[in-house]
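Student: Here it is: the structure, laid out below.
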Amino acid sequence: MYDNPRLVIDSSNPPEPGSIVWRSPSNIAIIKYWGKYGLQLPRNPSLSLTLASSFTDTSLEYAINDNPSGSGIDLEFYFHQEENEAFKAKIQAFLETLAPVFPFLKQLKLVIRTGNSFPHSAGIASSASAMSALALCLCSLEDMLFGTLQEPDVFDRKASWVARLGSGSACRSVFPHAAVWGETQHVKEASNEYAVPVGDLIHDTFKDFHDDILIVSSDEKSVSSRAGHALMDGNPFAETRYAQARQRLPVLLDAMRTGDLDTFGKIAEDEALTLHALMMCSNPSYLLMQPGSVAIIEKVRAYRQATGRPLYFTLDAGPNVHLLYPGEIIHEVRAFIEEELKKYCENGRYQEDWVGEGPEEM
Ligand code: DP6
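The numbering used here applies: residue 455 is where the sequence shown begins, and numbers increase by one.
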C-alpha cells in the first residue's frame with residue numbers, strides 16, 4: 455500500500471546527520487484484537503483507549519552511509535542505554551521488511567536508542583508503545599528528507615500502518631484518547647490496514663478516565679501474543695467470537711458517545727473474560743490468569759455491588775488486571791487498591807495510568 459521507490463536520497467545532496475525523537479504511549483483494548491490473518495490483518499475490529507504514563511521514548515539518529523553494504527540496514531541499537539542483541543535482531547528484521555516503503559533506510563547509518571517509562575519486566579505490554587514510537591520516527595524521517603507527510607492526517611495514517619506491521623495493537627497508539635482498528639461500517643474510514651481516531655466520538659467522561667495496572671506477575675508469559683493469535687485459527691469458537699466483536703463495536707461506541715458507564719463496563723469485562731476463555735479452549739489449552747487475577751476480579755465486582763461506583767476491570771493477554779474508572783472516583787479507588795488489592799500485586803506494584811493525548815515528538 456505504501457511501497458514508494460521514489461523515496462531515495464539524491465547522493466549528490468545528502469542530508470546533514472540528525473536525530474528524531476518520539477514518545478509514544480501504550481493502549482488498552484476495550485474490544486480486543488485476538489486472531490489475525492495475512493500480513494498482520496485483524497479478524498475483527500478492536501477499540502482501545504490511548505494511555506499516558508506507560509510509554510516508550512525512541513530516538514532515531516541518522517547519517518548518510520558512505521559505504522552501504524547493499525543488502526542490509528546499518529543499525530546500532532540500545533535499549534535503556536545498553537546493547538541488546540535480541541531486540542536489535544527483531545528491529546533490524548522489521549526495518550528490512552520495510553525497505554520497499556522506506557528505500558532510503560538502506561542509504562543511511564542508523565542508531566536507535568529506546569527505553570520505556572516502566573520496567574521491562576513489569577509485565578506491561580511494550581510492543582504497542584515501542585512499535586508506534588519507531589513507526590513515528592520513520593515517518594518523521596521520511597517527511598524530513600522528502601516533505602511527503604506534511605498533512606497531519608496523512609502522517610498519522612502512515613505511522614499507524616507502519617506500526618501495525620510491527621505489532622497489531624501498536625497501530626492504535628498513534629491517536630489521542632481512543633482509536634478503532636479493523637473494518638466496520640460504524641466508523642468512517644475504518645480499515646484493517648491502520649487505525650483511525652475516534653476521540654471526537656466519545657463523551658468527556660472517557661477522556662478523564664483511568665487505567666491503573668495491577669502487576670500480579672511480571673514473569674515472562676508462557677504463551678506469547680503472537681502464538682496466541684495463531685491458536686485462534688483452530689479454535690472452535692473463533693467465528694462466533696469474531697461476529698461478537700463486530701456486533702459489539704457499535705454498542706460500545708454508542709455507550710462511549712453518551713457516557714453510559716454501565717454498558718461500557720459490561721462490555722469491557724466480558725471482552726477480558728472472553729479473551730481468556732478463548733485461551734483456555736485453544737488447542738493446546740493454556741491459562742494466563744493467576745489466582746491473584748481472579749481474586750482481584752472478584753473484589754472489583756463485590757466493590758461495585760456494594761458501593762455502586764463505576765469501577766471495572768479488563769485484562770491483556772497476561773495475568774495483570776487493568777482497573778478502569780472515571781477520574782471523579784480516583785480517591786475512593788486508590789484507597790480501595792491500597793487496602794484491598796495491593797496485596798495481590800507482585801511486591802505491591804501497580805502502575806497508575808490514564809487516558810492520554812497520544813504520541814509527542816520531543
Ligand atoms: C490481547 O498486538 O501484541 O492485547 O500483532 O502479534 O504483535 P501482534 O499482537 P499484539 O496483540 C494484542 C492482543 C491483546 C488485545 C489488543 O490489544 O487488542
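Backbone N, C-alpha and C fix where the C-beta goes; we use that ideal spot for every residue, glycine too.
Rounded to a whole number of angstroms, what is the C-alpha to C-alpha distance between glycine 622 and tyrosine 487?
Tutor: Reading the sequence shown from its first residue, position 168 is the one you call residue 622. Reading the sequence shown from its first residue, position 33 is the one you call residue 487. Whole-angstrom Cα-Cα distance: 8 Å.
Student: Closest to valine 628 by C-alpha separation, out of Gly802, Met598, Ser581, would be which residue?
Tutor: Indexing the sequence shown from 1 puts residue 628 at position 174. Taking only the C-alpha atoms, the option nearest valine 628 is Ser581.
Student: Could you check the C-alpha separation between tyrosine 516 and asparagine 689 for me, to the nearest Å?
Tutor: Translated into the one-based positions of the sequence shown, residue 516 becomes position 62. Translated into the one-based positions of the sequence shown, residue 689 becomes position 235. Cα to Cα, the separation comes out at about 45 Å.
Student: For lysine 490, which residues from the same chain have a beta carbon less than 7 Å from its beta carbon, with the 5 sequence-adjacent residues on both sides left out?
Tutor: By 1-based counting over the sequence shown, the position of residue 490 is 36. Closer than 7 Å at the Cβ level, and outside the excluded window around lysine 490, lie Pro496, Arg497, Gly622, His683.
Student: Would you tell me roughly how many angstroms separate the C-alpha atoms of aspartate 511 and isoleucine 566, rounded to the nearest one?
Tutor: As a position in the sequence shown, residue 511 is number 57, starting the count at 1. As a position in the sequence shown, residue 566 is number 112, starting the count at 1. Straight-line Cα distance between these residues: approximately 10 Å.
Student: Could you check where the alpha helix (DSSP H) with threonine 728 kicks off and where it finishes?
Tutor: What you label residue 728 is simply residue 274 of the sequence shown in a count that begins at 1. Start and end: 715 to 734.
Student: Answer with buried or exposed for glycine 772, where buried requires no fewer than 16 other C-beta atoms within 10 angstroms of its C-beta.
Tutor: Indexing the sequence shown from 1 puts residue 772 at position 318. It counts as buried.
Student: For proline 764, collect the residues of the same chain with a Cβ closer than 8 Å to its Cβ; drop the 5 residues on either side in sequence, then sort them by chain order.
Tutor: As a first step, residue 764 is located in the sequence shown; it is residue number 310 there, counting from the start. Taken in chain order, the residues that qualify are Leu715, Asp716, Gly719, Arg758, Tyr779, Pro780, Ile783.
Student: Can you check DSSP and say which residues form a bridge with glycine 569?
Tutor: Taking the first residue of the sequence shown as 1, we reach residue 569 at position 115. Asp511.
Student: In three-state DSSP terms, what is serine 480?
Tutor: Indexing the sequence shown from 1 puts residue 480 at position 26. Serine 480: strand per DSSP, three-state reduction.
Student: What is the rounded straight-line gap between the Cα of leucine 461 and the Cα of glycine 812?
Tutor: By 1-based counting over the sequence shown, the position of residue 461 is 7. By 1-based counting over the sequence shown, the position of residue 812 is 358. Roughly 27 Å between the two C-alpha positions.
Student: Give the range of the beta strand (DSSP E) segment to which aspartate 528 is assigned.
Tutor: Numbered from its first residue, the sequence shown carries residue 528 at position 74. Element bounds for aspartate 528: 528 to 533.
Student: Please confirm whether any heavy atom of the ligand DP6 lies closer than 7 Å to the CB of aspartate 511.
Tutor: Counting from 1 along the sequence shown, the entry for residue 511 is found at position 57. The answer is no for aspartate 511.
Student: Please list, in chain order, all residues of the same chain as aspartate 528 whose beta carbon is under 6 Å from its beta carbon, the five residues on each side excluded.
Tutor: Counted from its first residue, the sequence shown places residue 528 at position 74. Contacts found: Asn519, Lys563.
Student: Suppose you measure from the CA of threonine 728 to the CA of leucine 501; what does that come to, to the nearest Å?
Tutor: In the sequence shown, counting from the first residue as 1, residue 728 sits at position 274. In the sequence shown, counting from the first residue as 1, residue 501 sits at position 47. Cα-Cα distance, rounded: 15 Å.
Student: Classify tyrosine 456 as helix, strand or coil using the three-state DSSP reduction.
Tutor: Working through the sequence shown from its first residue, we reach residue 456 at position 2. Residue state, collapsed to three classes: coil.
Student: Are the region 742 to 754 and the region 551 to 559 touching, with three or more C-beta to C-beta distances below 8 Å?
Tutor: Too few Cβ pairs lie closer than 8 Å, so no.
Student: Let me know if proline 573 comes out buried or exposed under the rule of 16 or more other beta-carbons within 10 Å of its beta-carbon.
Tutor: As a working mapping, residue 573 is identified with position 119 in the sequence shown. It counts as exposed.
Student: Does the Cβ-Cβ distance between isoleucine 656 and histidine 640 come in under 8 Å?
Tutor: Looking up residue 656 in the sequence shown gives position 202. Looking up residue 640 in the sequence shown gives position 186. Their beta carbons are not under 8 Å apart, which means isoleucine 656 does not touch histidine 640 by this criterion.
Student: Select from Glu725, Arg755, Lys675 the residue whose C-alpha is nearest the C-alpha of leucine 741.
Tutor: If you number the sequence shown from 1, residue 741 lands on position 287. Ranking Glu725, Arg755, Lys675 by Cα distance to leucine 741 puts Lys675 first.
Student: Buried or exposed: which applies to threonine 504, given that a residue is buried once 16 or more other Cβ atoms fall within 10 Å of its Cβ?
Tutor: Counting from one through the sequence shown, the residue named residue 504 turns up at place 50. By the neighbour-count rule (16 or more Cβ atoms within 10 Å), threonine 504 is buried.
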